[in-house]
Amino acid sequence: MAQIIDGKGIAGSIQKEIAEDVNFLSNNCGKVPGLAVVIVGERKDSQTYVRMKRKACAEVGIKSIDIDLPGDSSEETVLQTVLDLNTNPQVHGILVQLPLPLHINEEKILASISIEKDVDGFHPLNIGKLAMKGREPLFVPCTPKGCIELLRRSGISISGKKAVVVGRSNIVGLPVALLLVKLDATVSIVHTRTPDPKSIICEADIIIAAAGQANMIKGNWIKPGAAVIDVGTNVVDDPSRKLGYRLVGDVAFEEAKEVAGWISPVPGGVGPMTIAMLLRNTVDSARRASE
Ligand code: GUN
195 MAQIIDGKGI AGSIQKEIAE DVNFLSNNCG KVPGLAVVIV GERKDSQTYV RMKRKACAEV
255 GIKSIDIDLP GDSSEETVLQ TVLDLNTNPQ VHGILVQLPL PLHINEEKIL ASISIEKDVD
315 GFHPLNIGKL AMKGREPLFV PCTPKGCIEL LRRSGISISG KKAVVVGRSN IVGLPVALLL
375 VKLDATVSIV HTRTPDPKSI ICEADIIIAA AGQANMIKGN WIKPGAAVID VGTNVVDDPS
435 RKLGYRLVGD VAFEEAKEVA GWISPVPGGV GPMTIAMLLR NTVDSARRAS E
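Numbering-wise (the working numbering), the sequence shown opens with residue 195 and increments by one.
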């Protein structure tokens with residue numbers, strides 16, 4: 195039986211550490227860390243994520259600067275919003291919730307964020323440094339950083355291990371693979387064009403599942419004793435629930451927990467860690483700005 199990795203509990207203790215750091219910065223440096231959270235449009239999932247991020251800021255004493263732009267805002271408006279935030283000294287972190295509406299060039303917007311305030315770690319310079327040996331980005335993307343922190347705080351070593359990342363998105367799959375390489379794992383990336391994903395996944399000591407496919411990874415795909423971090427947040431119909439749906443991961447949890455050594459659940463695994471890492475990056479940025 196796998197040890198269940200309690201992401202909610204771990205994120206809770208990290209939030210306590212962050213609240214203490216915020217207190218220290220405010221009392222000793224007169225600096226209140228500030229995070230600008232920008233959302234463009236009315237996507238329900240994005241609105242939920244943004245609400246959770248803003249609420250978490252309030253819980254630890256970070257000032258959230260809330261910017262809600264209509265879905266038909268021009269690219270120029272979004273760009274100018276970011277440029278204004280870049281020069282606002284009360285803002286230490288800028289988060290532009292993705293995805294953006296299709297008429298806005300995401301690449302252009304992300305590249306316009308000051309790298310010193312890029313708490314999402316999506317600026318090409320920060321990603322580039324993540325990809326290079328001997329270089330350190332100013333910020334590491336929050337979900338990948340949360341995955342590594344779950345492994346670290348569960349006492350799972352990474353160096354020399356075989357890791358398989360399932361998925362190659364810019365937000366999770368690719369950066370988590372780069373991070374694992376930096377931490378000396380031997381890394382494979384499995385994606386939609388991989389002919390026989392099971393044959394690669396079943397050799398892994400560490401599996402990071404970020405495919406966005408409900409229950410894709412079966413119990414018999416997992417090497418006994420492996421550590422499984424499930425990043426999937428897939429909505430499936432469930433008439434027995436009040437809302438008529440529930441969230442499931444990319445891993446068939448009930449089967450997998452009989453085989454794995456460790457497994458993170460959905461919900462309550464990686465999700466809360468993403469938010470904790472965003473707060474961590476914001477406080478680190480505020481601290482750097484006061485140096
Ligand atoms: N959309 C899905 N995940 C993320 C994230 O971590 N940051 C931002 N900005 N948008 C997202």
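Even for Gly, the Cβ is constructed at its ideal location relative to N, Cα and C.
* To do: From the DSSP output, in three-state form, read off Arg329 for me.
  => On the sequence shown, residue 329 is found 135 positions in, with the first residue counted as 1. Arg329 falls in the coil class under three-state DSSP.
* Residue range of the beta strand (DSSP E) that Thr380 falls in? -> Sequence index remark: in the sequence shown, residue 380 carries index 186 (1-based). Thr380 to Val384 is the span of the beta strand (DSSP E), which, as asked, contains Thr380.
* To do: Output the distance between the C-alpha atoms of Val405 and Cys223, rounded to the nearest integer angstrom.
  => Working through the sequence shown from its first residue, we reach residue 405 at position 211. Working through the sequence shown from its first residue, we reach residue 223 at position 29. It should be pointed out that residue 405 corresponds to Ala in this sequence rather than to Val. Computed Cα separation, rounded: 43 Å.
* In angstroms with no decimal places, state the Cα-to-Cα distance between Cys396 and Asp200. => Numbered from its first residue, the sequence shown carries residue 396 at position 202. Numbered from its first residue, the sequence shown carries residue 200 at position 6. Cys396 and Asp200: Cα-Cα distance of roughly 24 Å.
* When DSSP labels each residue in this structure, what does Gln209 get in the three-state scheme? -> The residue given as residue 209 occupies position 15 in the sequence shown. Three-state result, Gln209: helix.
* **Nonlocal neighbours in the same chain, by C-beta distance under 8 Å from Thr275, ignoring five residues either side** => As a first step, residue 275 is located in the sequence shown; it is residue number 81 there, counting from the start. Around Thr275: Val232, Ile261 and Leu263.
* To do: May I ask you to check if the CB of Cys251 is nearer than 7 Å to at least one heavy atom of the ligand GUN?
  => For the purposes of this step, residue 251 is identified with residue 57 of the sequence shown, where counting begins at 1. Outside the cutoff, so no.
* Asked: Any heavy atom of the ligand GUN closer than 7 Å to the Cβ of Cys336?
  -> As a position in the sequence shown, residue 336 is number 142, starting the count at 1. Under cutoff, so the answer is yes.
* Using a Cβ-Cβ cut-off of 8 Å, state whether Leu324 counts as contacting chain D. => Checking the listed chains, one finds no chain D in this structure; it contains a single protein chain.
* Within this structure, are the beta carbons of Pro391 and Val381 separated by less than 8 Å? -> Counting from one through the sequence shown, the residue named residue 391 turns up at place 197. Counting from one through the sequence shown, the residue named residue 381 turns up at place 187. No. Outside cutoff.
* Confirm the yes/no value for this check: CB of Thr468, any heavy atom of the ligand GUN, distance under 7 Å. => In the sequence shown, residue 468 corresponds to position 274, counting from 1. Within the cutoff, so yes.
* Asked: In whole angstroms, what separates the C-alpha of Ile198 from that of Ala450?
  -> By 1-based counting over the sequence shown, the position of residue 198 is 4. By 1-based counting over the sequence shown, the position of residue 450 is 256. Spanning the two alpha carbons is a distance of roughly 11 Å.
* Own chain partners of Gln407 with C-beta closer than 8 Å, once the 5 adjacent residues on each side are dropped -> Here residue 407 refers to the residue found at position 213 when the sequence shown is read from its first residue. Around Gln407: Gly426, Asn428 and Asp444.
* Asked: CB-CB under 6 Å to Trp415, same chain, minus the five flanking residues each way: which ones, in chain order?
  -> Stepping through the sequence shown from its first residue, residue 415 is reached at position 221. Lys392, Ile395 and Cys396.
* Cα separation between Ile411 and Ala446? -> Position 217 of the sequence shown, counted from the start, is the residue given in the question as residue 411. Position 252 of the sequence shown, counted from the start, is the residue given in the question as residue 446. Between Ile411 and Ala446, the C-alpha separation is close to 6 Å.
* To do: Return the residue from the list Asn299, Lys356 and Pro389 that minimises the CA-CA distance to Ile402.
  => On the sequence shown, position 208 is the one that residue 402 refers to. Closest by alpha carbon: Lys356.
* Under the rule that 16 or more other beta-carbon atoms within 10 Å means buried, what is Pro369, buried or exposed? -> Residue numbering aside, residue 369 sits at position 175 when the sequence shown is read from its first letter. Buried, since its Cβ has 16 or more Cβ neighbours within 10 Å.
* To do: Output the boundary residues of the alpha helix (DSSP H) element that contains Ser240.
  => The count along the sequence shown starts at 1 and reaches residue 240 at position 46. Element bounds for Ser240: Lys238 to Val254.
* To do: Look at the alpha carbon of Gly438 and the alpha carbon of Val430, and state the distance between them as a whole number of angstroms.
  => Residue mapping note: residue 438 aligns to position 244 of the sequence shown, counting from 1. Residue mapping note: residue 430 aligns to position 236 of the sequence shown, counting from 1. Whole-angstrom Cα-Cα distance: 9 Å.
* Asked: Can Val244 and Val272 be called in contact, C-beta distance under 8 Å?
  -> Numbered from 1 along the sequence shown, position 50 holds the residue referred to as residue 244. Numbered from 1 along the sequence shown, position 78 holds the residue referred to as residue 272. No. Outside cutoff.
* Asked: Taking 7 Å as the cut-off, does the CB of Leu292 come closer than this to any heavy atom belonging to the ligand GUN?
  -> Residue numbering aside, residue 292 sits at position 98 when the sequence shown is read from its first letter. For the ligand GUN, at least one heavy atom lies less than 7 Å from the Cβ of Leu292.
* Asp262: CB within 7 Å of a non-hydrogen atom of the ligand HEM -> No copy of the ligand HEM occurs in the structure displayed; its ligands are the ligand GUN alone.
* Asked: Quick one: what's Gly228 bridged to in DSSP?
  -> Along the sequence shown, one-based indexing puts residue 228 at 34. Paired residue(s): Lys257.
* CB Ile303 to CB Leu319, shorter than 8 Å? -> Here residue 303 refers to the residue found at position 109 of the sequence shown. Here residue 319 refers to the residue found at position 125 of the sequence shown. It is not a contact, given that the beta carbons lie outside the stated cut-off.
* Between Ser258 and Leu277, is the Cβ-Cβ spacing less than 8 Å? -> Reading the sequence shown from its first residue, position 64 is the one you call residue 258. Reading the sequence shown from its first residue, position 83 is the one you call residue 277. Taking 8 Å as the Cβ cut-off, Ser258 and Leu277 do not qualify as a contacting pair.
* Specify the secondary structure class of Asp312 as computed by DSSP and reduced to three states. => If you number the sequence shown from 1, residue 312 lands on position 118. Asp312: coil per DSSP, three-state reduction.
* Asked: Of all the beta strand (DSSP E) runs that stay within the bounds of the segment 417-477, which reach a length of 3 or more residues?
  -> 421-424, 428-431 and 439-442
* **Close-in-space but distant-in-sequence residues of the same chain around Asn217 (CB under 7 Å, 5 per side omitted)** => Locating residue 217 in the sequence shown gives position 23, where the first residue counts as 1. For Asn217, where only same-chain residues beyond five positions count, the Cβ hits under 7 Å are Gly255.
* Asked: For Asp378, does the count of other Cβ atoms within 10 angstroms reach 16, so buried, or fall short, so exposed?
  -> Along the sequence shown, one-based indexing puts residue 378 at 184. Asp378 is exposed by the Cβ-count criterion.
* **Pick from Ala421, Leu344, Val460 and Pro433 that is closest to Ser207, judged by C-alpha positions** => Taking the sequence shown and counting its residues from 1, the one referred to as residue 207 is at position 13. Closest by alpha carbon: Leu344.
* Quick one, which of Pro459, Lys238, Gly228 and Lys247 has its alpha-carbon nearest Cys336's? -> Walking along the sequence shown from the start, residue 336 turns up at place 142. Ranking the options by Cα distance to Cys336, first place goes to Lys247.
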